[in-house]
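**Q** Sharing a structure here in structure tokens format.
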Amino acid sequence: MSYLQNLLKTSVYLPHSNRESNIELLRIFTAMGVVILHYNYGRALQYVDQSSLNFGVLIGLESFWICAVDLFVLISGYFLYGKKSVSIMKVVELLLQVSVFRLFLGLTPTIIQGDFVSLKDFFKLLLPMNYFVILYLVVYVLSPYINTLLLNLSDLAFKRLLAVIFVLFSLLPTINDTVQFLAEIGMEDLSTIGREGSNYGYSLVNFMQMYLIGAYIKRTEKEKKKLSSLMFKILICWSILFVWGFFGIRAGMDINFSYSYCNPFVIILAVYLFLLFRNMDIGNNIVVNILANGSFAVYLTHKNFLSYLHIENYANANVIVLVGHILGSVIILYFVGFFAYVVYSFFLNLVEKMIPNSIKQLKLKV
Numbered sequence: 019m020s021y022l023q024n025l026l027k028t029s030v031y032l033p034h035s036n037r038e039s040n041i042e043l044l045r046i047f048t049a050m051g052v053v054i055l056h057y058n059y060g061r062a063l064q065y066v067d068q069s070s071l072n073f074g075v076l077i078g079l080e081s082f083w084i085c086a087v088d089l090f091v092l093i094s095g096y097f098l099y100g101k102k103s104v105s106i107m108k109v110v111e112l113l114l115q116v117s118v119f120r121l122f123l124g125l126t127p128t129i130i131q132g133d134f135v136s137l138k139d140f141f142k143l144l145l146p147m148n149y150f151v152i153l154y155l156v157v158y159v160l161s162p163y164i165n166t167l168l169l170n171l172s173d174l175a176f177k178r179l180l181a182v183i184f185v186l187f188s189l190l191p192t193i194n195d196t197v198q199f200l201a202e203i204g205m206e207d208l209s210t211i212g213r214e215g216s217n218y219g220y221s222l223v224n225f226m227q228m229y230l231i232g233a234y235i236k237r238t239e240k241e242k243k244k245l246s247s248l249m250f251k252i253l254i255c256w257s258i259l260f261v262w263g264f265f266g267i268r269a270g271m272d273i274n275f276s277y278s279y280c281n282p283f284v285i286i287l288a289v290y291l292f293l294l295f296r297n298m299d300i301g302n303n304i305v306v307n308i309l310a311n312g313s314f315a316v317y318l319t320h321k322n323f324l325s326y327l328h329i330e331n332y333a334n335a336n337v338i339v340l341v342g343h344i345l346g347s348v349i350i351l352y353f354v355g356f357f358a359y360v361v362y363s364f365f366l367n368l369v370e371k372m373i374p375n376s377i378k379q380l381k382l383k384v
């Protein structure tokens, strides 16, 4: 495979053969949304005056893109549904990419500063420690078995399964977390997810839920929905999350309570956003397809550069300046991540040439 072909192939964590540019565009925007979330969390929202217009702008962006992680998994569920095997090499490649990026981004500043790197720190950086990747790979490896079970369900049974899962793992945990905050009492023992509560959706349970939703959409899609209707529904969900977050955070609610990944409205927003892009038709755009391949590298790299943006200096600046800084930061960090992907892809291509085809074609099958 040539280097150009390697750039054109899909990312290892989204194994589908059809390059649908509308979904690829969604992947780009979703990666940018993750950057915005981390721009806010522990940074802009920590410094901003909560009585200012800037606070409303940040909450608005947070409310819109809090579904980004759910979207990543939903997209995979959509494209993986029905498959009876998964590539072992894709698992290895994804873990390798995480380790390489962690090692490079962790060691480079230390080496530049002339500091000593202990053997313990080196091996710690070498480990592919990333909650999203680990949970995603669990879903990916289990997907052929999940698909086999789903194929034995009727459409109605599948729909009922989703309804039950939504109530148990989204609605009830959110009610539990909200009552826990309002009543100021510990209610973890009532959680339907785990002893420590919902974990704000950072759980395999929520990843499985989003996978099943994506699979259901793939299985039952028949005709395209009106974009205007989807946009209206997105606006409703966004408005609810905006009010929820705006008043919740000002009342002292932890941002994780306000914006849990398993919040029903976060999940519904992810579904409507996916359907919106799924029903768009932008043709087969090679530029979008190439840029989308770097979306995962953006996810892996952007946190390492946020401290250089001096976000604290812009949180309370003129609102136009703040918005400009956010947009500029997101675009710059996306292209930094994409450049990292291009470099990584070049060396990965060299390594792949040395791997026998028999190993590359290893699959886990049902």
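FYI, in this note's numbering the residues of the sequence shown are 19 to 384. By construction, the Cβ of each residue, glycine as well, lies at the ideal position given by its N, Cα and C atoms.
Just to check my reading of the structure: L287 and C255 have Cβ atoms closer than 8 Å, yes? What is that Cβ distance to the nearest angstrom?
**A** So it is a contact: roughly 4 Å between Cβ atoms.
**Q** How would you call D88, buried or exposed, if buried means at least 16 neighbouring beta carbons within 10 angstroms?
**A** Its Cβ being crowded by 16 or more others within 10 Å, D88 is buried.
**Q** Leaving out five residues on either side along the sequence, give the residues of the same chain with a beta carbon under 6 Å from the beta carbon of V53.
**A** Hits under 6 Å: H320, V348 and L351.
**Q** Using a Cβ-Cβ cut-off of 7 Å (strictly less than) and excluding sequence neighbours within five positions of F73, which residues of its own chain qualify?
**A** Result list for F73: V66 and D67, in chain order.
**Q** Once you ignore the five residues that flank R61 on each side, which residues in its own chain have a CB closer than 6 Å to its CB?
**A** So the list reads I329, once near-sequence residues are dropped.
**Q** Can you tell me whether P33 is helix, strand or coil according to DSSP?
**A** Here P33 scores only 40 on pLDDT, less than 50, and its place in the model is too uncertain to base an answer on.
**Q** Does DSSP put K142 in a helix, a strand or coil?
**A** If DSSP states are grouped into helix, strand and coil, K142 belongs with the helices.
**Q** With distance defined between alpha-carbon atoms, name the residue in F356, V337 and Q379 nearest to S70.
**A** The candidate whose alpha carbon is nearest that of S70 is V337.
**Q** Quick one: what's L382 bridged to in DSSP?
**A** In the DSSP output, where bridge partners are listed per residue, L382 has V104.
**Q** Which of the three DSSP states is assigned to E80 in this structure?
**A** It is helical.
**Q** Thinking L208 and V151 are a contact (beta carbons under 8 Å), I'd like their distance in whole angstroms, please.
**A** In fact, because the Cβ distance is near 31 Å, the residues do not count as touching under 8 Å.
**Q** Of the residues Y359, Y234, Y59 and L259, which one's Cα is nearest the Cα of F122?
**A** Among Y359, Y234, Y59 and L259, the Cα nearest to that of F122 is on Y359.
**Q** With a cut-off of 8 Å on the beta carbons, I'd call K243 and Y99 a contact; round off their distance for me.
**A** Their Cβ separation, rounded to whole angstroms, is 19 Å, which puts K243 and Y99 out of contact at 8 Å.
**Q** Should L22 go down as buried or exposed, given a rule of 16 or more other Cβ atoms within 10 Å for buried?
**A** Interpretation of L22 is limited by its pLDDT of 46, a score under 50 that renders its predicted location unreliable; the figure taken from the coordinates is listed afterwards. Burial call: exposed.
**Q** Please classify C255: does DSSP put it in a helix, a strand, or coil?
**A** Residue state, collapsed to three classes: helix.
**Q** Please state whether DSSP places R45 in a helix, a strand or coil.
**A** Here R45 sits in helix by DSSP.
**Q** Output the residue ranges of the alpha helix (DSSP H) runs that lie fully inside the stretch 301 to 364 and measure 4 residues or longer, sorted by chain position.
**A** Those alpha helix (DSSP H) runs which fall completely within the stretch 301 to 364 and span 4+ residues are 304 to 311 and 313 to 319.
**Q** Under 8 Å between the Cβ atoms of L44 and F314?
**A** No, Cβ-Cβ distance for L44 and F314 is not below 8 Å.
**Q** Could you give the distance in angstroms between the alpha-carbon of I211 and the alpha-carbon of I130?
**A** Their backbone Cα atoms lie some 44 Å apart in a straight line.
**Q** Can you check the stretch 105 to 191 for any alpha helix (DSSP H) of at least 4 residues that lies completely inside it and give the ranges in chain order?
**A** For the stretch 105 to 191, whole alpha helix (DSSP H) runs of length 4 or above, ordered along the chain, are 106 to 130, 137 to 144, 149 to 169 and 173 to 184.
**Q** For the alpha helix (DSSP H) containing M226, name the first residue and the last one.
**A** It spans L222 to T238 - the alpha helix (DSSP H) in which M226 sits, taken as one unbroken run.
**Q** Alpha carbon to alpha carbon, how far is G266 from Y57?
**A** Distance between the alpha carbons of G266 and Y57: 19 Å.
**Q** Rounded to whole angstroms, what is the Cα-Cα separation between L380 and I77?
**A** Cα to Cα, the separation comes out at about 46 Å.
**Q** What's the call for A269, buried or exposed, on a 16-neighbour Cβ count within 10 Å?
**A** Its Cβ having fewer than 16 others within 10 Å, A269 is exposed.
**Q** Taking only the alpha-carbon atoms, compute the straight-line gap between T28 and T126 and give it to the nearest angstrom.
**A** With a pLDDT of only 44 at T28, under the threshold of 50, the placement of this residue in the model should not be trusted, and no figure is reported.
**Q** In angstroms with no decimal places, state the Cα-to-Cα distance between N281 and A335.
**A** Roughly 31 Å separates the two Cα atoms.
**Q** State yes or no: is the C-beta of P146 within less than 8 Å of the C-beta of V110?
**A** Not closer than 8 Å, so no.
**Q** Does the Cβ of K383 have 16 or more other Cβ atoms within 10 Å, making it buried, or fewer, making it exposed?
**A** When all chains shown are included, K383 counts as exposed.
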